[in-house]
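Visitor: Per full-length UniProt numbering: the sequence shown = residues 1 to 311.
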Amino acid sequence: MIEEDDFVLVVGSAGIDMKGKPDGPLKSGIPNQGHIRNSVGGVARNIAENLARLEIPVVLLTAVGDDAEGERVIDACEALDIDCDSVLTVDDARTGTYMALLTPEGELDVAISDFEIMRYLTPAYLHENEDLFEDAAMVVIDATMTPESIKTVFELAEKYDVPVCADPTTPELATKLCDYIPQLYLVVPNAAETTALCGLQNPAKDRDSAIEAARHLVTLGTEIAVVTVGEEGLSYADSNGGGFIKAPKVHVVDSTGAGDALSAAIIFGLLNDIAIDDAMKLGVGAAALTLQTRETVPHALNPETLYDMLA
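Take a look at the structure:
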């Protein structure tokens, strides 16, 4: 159970999401009518906001530019009581940006991620904030950091015996986590990311292959492995076994942020000593809530709405 003075340390990307959704089928080479929105984003920041909305104290370590976008990110986080005192503001650097093109159904078609600023999240910066690792109840990371910084995170977490949860972020970035699977308390890859993490020839694509991938990750040393398979749901495994949680059928408005909500809700459940099967149900429920909104993090998310999903 998380204690009154405990906090979760979230380390990784924060920036601006730009999302375009066409009114009809996309046509290449010409302008498409549709709607464009922007919001604060970044995988780590999204997880931090979800946790904050679930009333979990959060400290964020990230880097933003000395620009209007960086100020917007910090202001949005602090409005939710996310501790940004140690966030790095970098002169002459641009705040990270994620640009997504969605299908008319709200699913991701293609995206470009520009988080070059994450190179400023150096091992030296992490060591400057070593006291946060010492005091944290849990560390949550995405894979946008440099390999050297990811190594430093695991070294500090091991030094202070703090559990680490990881979101692999993308199949390409997920490879940075392979050496640290035995040190992970929780890892939440999607189907495509399992090839990079597990060394499987083919990505998990359904319930059975996802369970196999989750069990393989546990065999490799992670304590809890969760593999999501889109609209089907998720498979999970730990040393005691595993299972499958079916996703509810919902009208998808925008899929952005659903995986981040899922990870955060599972972490919320585990921090509150909720049975693992129920923690997974919370994750699936939070993802479903996110899918039904245009918001990257649903403003309706709170402990009550989450617990209602177990009723």
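Think of the CB as a built atom: it goes at the ideal place given N, C-alpha and C, for glycine as much as any other residue.
In three-state terms, what does DSSP make of residue 108?
Guide: strand
Visitor: If you draw a straight line from the C-alpha of residue 284 to the C-alpha of residue 118, how long is it?
Guide: 29 Å
Visitor: Out of curiosity, what's the CA-to-CA distance linking residue 96 and residue 54?
Guide: CA-CA distance, residue 96 to residue 54, rounds to 25 Å.
Visitor: Taking 6 Å as the limit between beta carbons, can you name the residues of its chain near residue 48, skipping five residues before and five after?
Guide: 10, 58, 60, 82
Visitor: How many whole angstroms separate the CB atoms of residue 277 and residue 243, which I take to be in contact at a CB cut-off of 8 Å?
Guide: 6 Å
Visitor: Could you pull the start and end residues of the alpha helix (DSSP H) that residue 35 belongs to?
Guide: Note, residue 35: premise wrong, no alpha helix (DSSP H); beta strand (DSSP E) at 34–41.
Visitor: Considering only residues of the same chain and omitting the five flanking positions on each side of residue 101, which have a CB-CB separation below 6 Å?
Guide: 20, 109, 110
Visitor: Quick check: the region 76–93 against the region 143–154, are there 3 or more CB pairs under 8 Å?
Guide: no
Visitor: Residue 231 and residue 247 - do their beta-carbons sit closer together than 7 Å?
Guide: yes
Visitor: Quick check: residue 227 and residue 292, are their CB atoms within less than 7 Å of each other?
Guide: no
Visitor: Note down, one range per segment and in chain order, each beta strand (DSSP E) of at least 3 residues found wholly within the region 160–198.
Guide: 164–167, 184–187
Visitor: Are the Cβ atoms of residue 171 and residue 148 separated by less than 7 Å?
Guide: Going by beta carbons, residue 171 and residue 148 fall outside the 7 Å limit.
Visitor: Would you decide whether residue 275 is buried or exposed? Buried here means 16 or more other CB atoms lie within 10 Å of its CB.
Guide: exposed
Visitor: Residue 208 by DSSP, collapsed to three states: which one?
Guide: helix
Visitor: For residue 204, which option in 36, 234, 255 has the closest C-alpha, if you only look at C-alpha atoms?
Guide: Residue 204 has its Cα closest to that of 234, out of 36, 234, 255.
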